[in-house]
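Novice: One structure is given below, represented as structure tokens, and several questions about it will come after.
Numbering (full-length UniProt numbering), first residue to last: 1 to 240.
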């Protein structure tokens, strides 16, 4: 559960009056919409890992960029058809998922946001979003951006902290290190020992802390640029 001081970071914790007054005062500049998944993460990580990690990053970024950043509720089901052989995984078809995402973005634009960052925590969402993003921008004509959070991890930081030198991976060293630092209760150490895939055993909480710090710092700088107008994605032009 978020701490009481986090209430101003999360849209869902506002009353309608609180949100309206902040928006009308011109205080809120950037909305982060986290998107992720609920799916298998080998035998040792909880299935909430993707959305828990992206919400962790988004909330930390909002904390550092107060008072002008707000985090919308996470889309915690993603495009995960490739994991459905592992029961418990949840998935949406790309068309329906993108429809809900567009409606979420449109709602935040209707509320008054001209700068919206869709922050992604699941690899299966990347290709569908990249394929349609230009159309979303054309329709809304706002500073609408899509980025996986791991794109903000500098190569030198990753390589200094990952023994495998590989990231982001799926439930491998990077994601396991993230969980060990941010929510260690989601890591099953006995399962790491007895599952076939041994790469997660390379992960450490210390590495997770260093990489999360770099990611959050870089996204906070990115969001600052969105708020002050120096970081704008140009709307693509389409020619017949």
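For each residue, glycine too, the CB sits at the ideal point set by N, CA and C.
If contact is defined by three or more beta carbon pairs under 8 Å, each pair taking one atom from either stretch, is the segment 142-159 in contact with the segment 102-116?
Specialist: They touch, by the three-pair rule.
Novice: Which first and last residues belong to the beta strand (DSSP E) in which residue 143 is found?
Specialist: That run of the beta strand (DSSP E) goes 143-148.
Novice: Using the Cα positions of residue 135 and residue 221, report the straight-line distance between them to the nearest angstrom.
Specialist: Answer to the nearest angstrom: the Cα atoms are 26 Å apart.
Novice: DSSP puts residue 10 in a beta bridge; with which residues?
Specialist: Note: residue 10 sits in a beta bridge opposite 71.
Novice: Under three-state DSSP, which class holds residue 231?
Specialist: In the structure shown, residue 231 sits in coil (DSSP, three-state: anything other than H, G, I, E or B).
Novice: Is residue 41 helix, strand or coil when you go by DSSP?
Specialist: DSSP places residue 41 in strand when its eight states are reduced to three.
Novice: Check the C-beta distance from residue 231 over to residue 225 and give it rounded, since I have them as a contact under 8 Å.
Specialist: The Cβ separation is near 3 Å, so the contact holds.
Novice: Within the continuous alpha helix (DSSP H) that includes residue 130, where are the two ends?
Specialist: From DSSP, the alpha helix (DSSP H) with residue 130 extends over 126-140.
Novice: Between the Cα of residue 7 and those of 111, 128, 190, 59, spot the shortest distance and give me the residue it belongs to.
Specialist: Ranking 111, 128, 190, 59 by Cα distance to residue 7 puts 59 first.
Novice: Going by other Cβ atoms of all chains shown within 10 Å of its Cβ, with 16 needed for buried, is residue 185 buried or exposed?
Specialist: Under this definition residue 185 is an exposed residue.
Novice: Can you tell which of 168, 85, 234 has its C-alpha closest to the C-alpha of residue 40?
Specialist: The shortest C-alpha separation from residue 40 is found at 85.
Novice: Return yes when the Cβ of residue 170 is within less than 8 Å of the Cβ of residue 36, no when it is not.
Specialist: No, Cβ-Cβ distance for residue 36 and residue 170 is not below 8 Å.
Novice: Quick one: give me the first and last residue of the beta strand (DSSP E) that residue 105 is part of.
Specialist: Segment 94-111 is the alpha helix (DSSP H) holding residue 105; no beta strand (DSSP E) there.
Novice: In its own chain, which residues sit with a C-beta less than 6 Å from the C-beta of residue 43, not counting the 5 before and 5 after it?
Specialist: Here the set comprises 191, 195.
Novice: Quick one: what does DSSP say residue 87 is sitting in, helix, strand or coil?
Specialist: Residue state, collapsed to three classes: coil.
Novice: Only counting the same chain, and skipping five residues up and downstream in sequence, which positions put a Cβ closer than 8 Å to that of residue 133?
Specialist: Closer than 8 Å at Cβ, skipping near neighbours: 144, 146.
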